[in-house]
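Student: Just so you know, the sequences run in chain order B and P. Residue numbering for the first sequence follows this note's numbering, beginning at 647 and increasing consecutively. Residue numbering for the second sequence follows this note's numbering, beginning at 647 and increasing consecutively. Glycine included, C-beta positions come from ideal geometry on N, C-alpha and C. Because the structure is a prediction, the values reported are computed rather than measured. Here it is: the structure, laid out below.
Protein chains: 2
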Amino acid sequence: MSGTVVMKFGGTSVADAQRIRRAAQRIVAKREEGHRVVAVLSARGKTTDELIRAAQEISDSPDPREMDMLLSTGERQSCALCAMAINDLGHRAISLTGSQAGIVTDTSHTKARILEVRADRIHDGLDADAIVLVAGFQGVSTARDVTTLGRGGSDTTAVALAAAVDAELCEIYTDVAGVFTADPRMVPDARKLSTVSFEEMLEMSASGAGVLQLRAVEYARNHGVRIHCRSSFEDGAGTFVLTEEETMERPLVTAVTHSTDEARVTLTGLPDRPGIAGRVMTALAKANVNVDMIIQNEPQSEGQRADMSFTVPRDDIRGAHDALDPLVEELGIGAIASDPAMGKVSLVGAGMRSHPGVAAKAFSVLGAAGVNIEMISTSPIKISCVVREADVARAVRELHTAFELGADAVRREDVQGVHRPVVSS
Amino acid sequence: MSGTVVMKFGGTSVADAQRIRRAAQRIVAKREEGHRVVAVLSARGKTTDELIRAAQEISDSPDPREMDMLLSTGERQSCALCAMAINDLGHRAISLTGSQAGIVTDTSHTKARILEVRADRIHDGLDADAIVLVAGFQGVSTARDVTTLGRGGSDTTAVALAAAVDAELCEIYTDVAGVFTADPRMVPDARKLSTVSFEEMLEMSASGAGVLQLRAVEYARNHGVRIHCRSSFEDGAGTFVLTEEETMERPLVTAVTHSTDEARVTLTGLPDRPGIAGRVMTALAKANVNVDMIIQNEPQSEGQRADMSFTVPRDDIRGAHDALDPLVEELGIGAIASDPAMGKVSLVGAGMRSHPGVAAKAFSVLGAAGVNIEMISTSPIKISCVVREADVARAVRELHTAFELGADAVRREDVQGVHRPVVSS
Chain B
647 MSGTVVMKFG GTSVADAQRI RRAAQRIVAK REEGHRVVAV LSARGKTTDE LIRAAQEISD
707 SPDPREMDML LSTGERQSCA LCAMAINDLG HRAISLTGSQ AGIVTDTSHT KARILEVRAD
767 RIHDGLDADA IVLVAGFQGV STARDVTTLG RGGSDTTAVA LAAAVDAELC EIYTDVAGVF
827 TADPRMVPDA RKLSTVSFEE MLEMSASGAG VLQLRAVEYA RNHGVRIHCR SSFEDGAGTF
887 VLTEEETMER PLVTAVTHST DEARVTLTGL PDRPGIAGRV MTALAKANVN VDMIIQNEPQ
947 SEGQRADMSF TVPRDDIRGA HDALDPLVEE LGIGAIASDP AMGKVSLVGA GMRSHPGVAA
1007 KAFSVLGAAG VNIEMISTSP IKISCVVREA DVARAVRELH TAFELGADAV RREDVQGVHR
1067 PVVSS
Chain P
647 MSGTVVMKFG GTSVADAQRI RRAAQRIVAK REEGHRVVAV LSARGKTTDE LIRAAQEISD
707 SPDPREMDML LSTGERQSCA LCAMAINDLG HRAISLTGSQ AGIVTDTSHT KARILEVRAD
767 RIHDGLDADA IVLVAGFQGV STARDVTTLG RGGSDTTAVA LAAAVDAELC EIYTDVAGVF
827 TADPRMVPDA RKLSTVSFEE MLEMSASGAG VLQLRAVEYA RNHGVRIHCR SSFEDGAGTF
887 VLTEEETMER PLVTAVTHST DEARVTLTGL PDRPGIAGRV MTALAKANVN VDMIIQNEPQ
947 SEGQRADMSF TVPRDDIRGA HDALDPLVEE LGIGAIASDP AMGKVSLVGA GMRSHPGVAA
1007 KAFSVLGAAG VNIEMISTSP IKISCVVREA DVARAVRELH TAFELGADAV RREDVQGVHR
1067 PVVSS
């Protein structure tokens, strides 16, 4: 008997009866290889959106506790249907709700955090030779209420269960074949990466790569869960997310990520007093506005006024204005302006740590392409540039080419086998 | 503070956002009268049918445990949505799953029976001044799995909760205004009954009146739960189901009920040996075929063969044949025939107990109307006649008129007030 594998199927992978049956076949195949299998399923296709719409028809601000009760039903349906399909294939499967699976969360409805996994019933099921299906995205709070983990929470469910049952691998099945050097819809010669480190994956998830939820990657890194991101529609390896030691050599740059839904808010004429920025950020935090990059222009001389810009998700512009308008008079802010048409382009790569020249090259590439950089932020393995939304696609393609990330670039992985790192320069 | 009231809303009463809001308003109005309110909701409109269809797309014989996991989601959605609507009306509501509400059942998936109600969380909610919404039709088994109570189980949930919280009344809101002297779609002058006794309601539910589930009426009688059956779309009293003492005087006949989905199976040339009927009925019970009436013609003389006929729900004809065909040779049965086009007409009335002439009058009425009676069964307060399906409507109307049940008949209730019995002769 091999070890335990956790398999997670996203909404598009269980969207209809045919796809549920295909997922069931994959699960059964894994079981027949000798693995103990725990599968985590998302809600079918558009189910969650439909439930949200039903709630919005009832209420402008649905009660969060009830929202969780409502939304958690979608994943339960997927699991029950998939269990039926597996039982028809001659294997025994049982579905469990997040609560039954022992996923204990805090009481923050609609965005609960997992506190603990009490996997007794999962172990009971596995010990009884059953395949255990667990409804993703949900748990039970310490107050015994149904909670949900927020959008994309099923990835986190899968990783948390993988840690709890000491799985040898957590497979994330999605509608893309793995993690790419850039979004293939934007960059036709983008390449699938065979491995990526947790640190890189964290930066990529945070800067726009939608393939894995940031929280899930964090949880996996903290608990040492190996992730394999792969397609539910085709066979063949996807991308392994591993520790940096396991990924061996690192290229200078691993991938270019982007987002096109940024907005910039600018406060002008700020009085030059201590604590102003703190008040501004506190007001935004209270209003749940997620601030990404911040720039403050220091006043040129004593008594002058300062400017401050920051980026927020485009959907949060209204929230930012609502939070800050009351402060204009109180703090003596000159004006508040916002520009909704911003985007962000990021280079991610563990190799940057030892190669400080990456930023300079990136800025040159964008400059030569006529892309104006509005704001910059960096980490040891990431450089992000805020640019105009209209420039995002061009910026991504230019950087992808300049750093030789494309399929035409020399690839050592072709020589060294699929588990070796991608080296593109 | 008045006592606790349980309000149950069926699927048509919560079919869309507008109806859910209307149900919420009714619930809030009851709360504002000073009652503590527990509301039991069914799944929205066609939700359960859609979920059954989704299961059938996956499997020809869906696993019952998983079927329960799937179907139980519909009621949870209704409850969550209705709780949102109530919260918007300025009252606090919490929704509970059957499991959270403490409805403990046996492990018979898809047709579980309630063993116990541990109403702690309901009491906690009520004590905290909240309106408590409970998902109908479901519970949690002694093996900690989600179970469902079978079609119409939400009525049973409501009655069981009413008993558990010692409610002063269990209100069943449906799309009809109460219990009628006959199906108003078939008999235009059918009259709404202001009261009906448990015993009569049991006979009526068993013989085709769809307004209340038989099991719910049984549970209510055994636990002394007062039921008020009423419309969710109009105000005004519906029908109270009470003990016979409370209903005071009883009319000779209270109502005419019918069903049009009966079938008759006839076994001819049965050997005249003891135990044959027992073998036949055992085989049918094992196949879950519900036998209603049975007639056996005794052989006229020693050595002759007997005939046996029984009625089953039309959907069970195939099951009956499948169960009995293997016995033909073994028992030496001559032949098995079936007729799918049968129906049943029943007269129900507590007054029959002391008036043996009702049966004779009923047979005369049907005879005069040219309706052939194929089989008869009686109880102290019911007479049922199996007739051809095509004759059902005529039989119902003739009996309704002959026993003066219509709106034009003299009614003492008009004089005596709404809680007094209906006396039609």
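1. Look up Ile-922/P in the DSSP assignment and say whether it is helix, strand or coil.
2. What does Thr-719/B touch in chain P if you count any residue whose Cβ is under 7 Å from its own?
3. Chain P partners of Ala-700/B, CB-CB under 8 Å?
4. Can you tell me whether Asp-1060/B is buried or exposed, with buried defined as 16 or more other CB within 10 angstroms of its CB?
5. Quick one: does Asp-953/B have its CB under 8 Å from some CB of chain P?
6. Short of 8 Å in beta carbon distance, which residues of its chain neighbour Ser-984/P, apart from the five on each side in sequence? Order them along the chain.
7. Which value, in whole angstroms, describes the spacing of the CA atoms of Met-715/P and Val-792/P?
8. List the endpoints of the continuous alpha helix (DSSP H) containing Asp-734/B.
9. Looking at the structure shown, is Val-902/P part of a helix, part of a strand, or coil, going by DSSP?
10. Taking buried to mean at least 16 other C-beta atoms within 10 Å of its own C-beta, is Gly-989/B buried or exposed?
11. Shortest alpha-carbon distance to Ala-969/B belongs to which of Ala-929/B, Val-750/B, Gly-680/B?
12. Would the beta-carbon of Phe-718/P fall within 8 Å of that of Ala-729/P?
13. Based on DSSP bridge pairs, tell me the residues matched to Ile-777/P.
14. What did DSSP end up calling Lys-654/P once you bin it into helix, strand or coil?
15. Residues in the same chain with beta-carbon distance under 6 Å from Val-1064/B, minus the five sequence neighbours each way, listed in chain order, please.
16. Determine, using beta carbons only, whether Glu-703/B comes closer than 8 Å to chain P.
17. Are the CB atoms of Lys-692/P and Val-683/P nearer to each other than 8 Å?
18. In the DSSP assignment, what residue or residues form a beta bridge with Arg-910/P?
19. What are the start and end residues of each continuous beta strand (DSSP E) run of 3 or more residues lying completely inside the stretch 668 to 694 of chain B, in chain order?
20. With a threshold of 7 Å on Cβ separation, who are the neighbours of Val-1038/P within its own chain once the five nearest residues in sequence on each side are excluded?
21. With a cut-off of 8 Å, does the C-beta of Met-730/P fall near any C-beta of chain B?
22. Taking 8 Å as the threshold (C-beta atoms), are Leu-1051/P and Val-899/P in contact?
23. Exposed or buried, which one is Val-1056/B when buried takes at least 16 other CB atoms within 10 Å?
24. Could you check whether the Cβ of Ser-688/B sits closer than 8 Å to any Cβ belonging to chain P?
25. For the candidate residues Glu-762/P, Val-857/P, Asn-733/P, whose alpha-carbon lies nearest to that of Lys-654/P?
26. Along chain P, which residues have their Cβ under 8 Å away from the Cβ of Asn-934/B?
27. Taking CB distances under 8 Å as the criterion, tell me whether Ile-1022/P reaches chain B.
28. Kindly confirm or deny that the stretch 662 to 669 of chain B and the stretch 693 to 708 of chain B touch, where touching means at least three C-beta pairs closer than 8 Å.
29. Please report the residue range of the alpha helix (DSSP H) in which Lys-1007/P lies.
30. Do Val-1004/B and Ile-1029/B have their C-beta atoms within less than 8 Å of each other?
31. I'd like the list of long-range same chain contacts for Ala-789/P, defined as Cβ closer than 7 Å, with 5 residues on each side in sequence excluded.
32. Taking the alpha carbon of Thr-914/P as the reference point, which residue from Val-674/P, Val-780/P, Gly-980/P has its own alpha carbon closest?
33. Count Cβ pairs between the stretch 805 to 820 of chain B and the stretch 763 to 782 of chain B that sit closer than 8 Å; are there 3 or more?
34. Measure from the C-beta of Arg-711/B to each C-beta in chain P and report whether the shortest distance is under 8 Å.
35. Nearest CA to the CA of Ile-1022/B: which residue from Val-1032/B, Ala-1014/B, Gly-1013/B?
36. Could you say which of Pro-972/P, Arg-722/P, Phe-783/P, Ala-726/P lies nearest to Ser-594/B if we only look at CA atoms?
Tutor: Answer, in terms of the structure:
1. Translated into positions along the second sequence, residue 922/P becomes position 276. If DSSP states are grouped into helix, strand and coil, Ile-922/P belongs with the helices.
2. By one-based count along the first sequence, residue 719/B stands at place 73. Ordered by position in chain P, the residues that pass the 7 Å Cβ test against Thr-719/B are Thr-719, Arg-722, Gln-723.
3. Counted from its first residue, the first sequence places residue 700/B at position 54. Simply Ala-663, Gln-723, Leu-727.
4. Residue numbering aside, residue 1060/B sits at position 414 when the first sequence is read from its first letter. Low local confidence applies: a pLDDT of 41 at Asp-1060/B is under 50, so the model's placement there is unreliable, with the coordinate-based value given in what follows. Classification for Asp-1060/B: exposed.
5. The residue you call residue 953/B lines up with position 307 of the first sequence. Not an interface residue.
6. The residue given as residue 984/P occupies position 338 in the second sequence. Hits under 8 Å: Ala-909, Arg-910, Val-911, Thr-912, Ile-963, Ala-966, His-967.
7. Taking the first residue of the second sequence as 1, we reach residue 715/P at position 69. Taking the first residue of the second sequence as 1, we reach residue 792/P at position 146. Going by the C-alpha atoms only, they are around 6 Å apart.
8. For the purposes of this step, residue 734/B is taken as residue 88 along the first sequence, with counting starting at 1. It spans 710 to 734 - the alpha helix (DSSP H) in which Asp-734/B sits, taken as one unbroken run.
9. Along the second sequence, one-based indexing puts residue 902/P at 256. In this structure, Val-902/P counts as strand in the three-state DSSP scheme.
10. Taking the first sequence and counting its residues from 1, the one referred to as residue 989/B is at position 343. Buried.
11. Here residue 969/B is taken as the residue at index 323 of the first sequence, counted from 1. Among Ala-929/B, Val-750/B, Gly-680/B, the Cα nearest to that of Ala-969/B is on Ala-929/B.
12. Position 72 of the second sequence, counted from the start, is the residue given in the question as residue 718/P. Position 83 of the second sequence, counted from the start, is the residue given in the question as residue 729/P. As written in the sequence, residue 718/P is Ser, which differs from the Phe given in the question. No, the Cβ-Cβ distance between Ser-718/P and Ala-729/P is not below 8 Å.
13. Numbered from its first residue, the second sequence carries residue 777/P at position 131. Answer by DSSP bridge pairing, in chain order: Ala-739/P.
14. For this step, residue 654/P is matched to residue 8 along the second sequence. In this structure, Lys-654/P counts as strand in the three-state DSSP scheme.
15. By 1-based counting over the first sequence, the position of residue 1064/B is 418. Low local confidence applies: a pLDDT of 37 at Val-1064/B is under 50, so the model's placement there is unreliable, and no value is given.
16. Numbered from its first residue, the first sequence carries residue 703/B at position 57. Yes - at least one Cβ of chain P is within 8 Å of the one on Glu-703/B.
17. Here residue 692/P refers to the residue found at position 46 of the second sequence. Here residue 683/P refers to the residue found at position 37 of the second sequence. No, Cβ-Cβ distance for Lys-692/P and Val-683/P is not below 8 Å.
18. Position 264 of the second sequence, counted from the first residue, corresponds to residue 910/P. Bridge partners of Arg-910/P: Thr-957/P, Asp-985/P.
19. 682 to 687
20. Residue 1038/P sits at position 392 when you count from the first residue of the second sequence. These residues qualify, in order along the chain: His-904, Thr-906, Gly-989, Val-991.
21. The residue you call residue 730/P lines up with position 84 of the second sequence. It does; some Cβ of chain B falls within 8 Å.
22. Here residue 899/P is taken as the residue at index 253 of the second sequence, counted from 1. Here residue 1051/P is taken as the residue at index 405 of the second sequence, counted from 1. Cβ atoms of Val-899/P and Leu-1051/P: closer than 8 Å.
23. As a first step, residue 1056/B is located in the first sequence; it is residue number 410 there, counting from the start. For Val-1056/B, the predicted structure reports a pLDDT of 48, less than 50, and the residue's modelled location is therefore unreliable. The matter cannot be settled from this model.
24. In the first sequence, the residue the question calls residue 688/B occupies position 42. Ser-688/B does not count as touching chain P.
25. Translated into the one-based positions of the second sequence, residue 654/P becomes position 8. Ranking the options by Cα distance to Lys-654/P, first place goes to Val-857/P.
26. Position 288 of the first sequence, counted from the start, is the residue given in the question as residue 934/B. Under the 8 Å cutoff, chain P gives no residues; its nearest Cβ is about 20 Å from Asn-934/B.
27. Taking the second sequence and counting its residues from 1, one reaches residue 1022/P at position 376. It does not: the Cβ of Ile-1022/P has no partner Cβ on chain B nearer than 8 Å.
28. no
29. If you number the second sequence from 1, residue 1007/P lands on position 361. Its alpha helix (DSSP H) spans residues 1003 to 1014.
30. By 1-based counting over the first sequence, the position of residue 1004/B is 358. By 1-based counting over the first sequence, the position of residue 1029/B is 383. Yes.
31. Position 143 of the second sequence, counted from the start, is the residue given in the question as residue 789/P. Result list for Ala-789/P: Thr-753, in chain order.
32. For the purposes of this step, residue 914/P is taken as the residue at position 268 of the second sequence. If we check each option's Cα against that of Thr-914/P, Gly-980/P comes out closest.
33. yes
34. Numbered from its first residue, the first sequence carries residue 711/B at position 65. Yes, Arg-711/B lies at the interface with chain P (some Cβ there is under 8 Å from its Cβ).
35. In the first sequence, the residue the question calls residue 1022/B occupies position 376. That would be Val-1032/B, whose Cα lies nearest to the Cα of Ile-1022/B.
36. Within the shown structure, residues of chain B are numbered from 647 to 1071, placing residue 594/B beyond reach of any answer.
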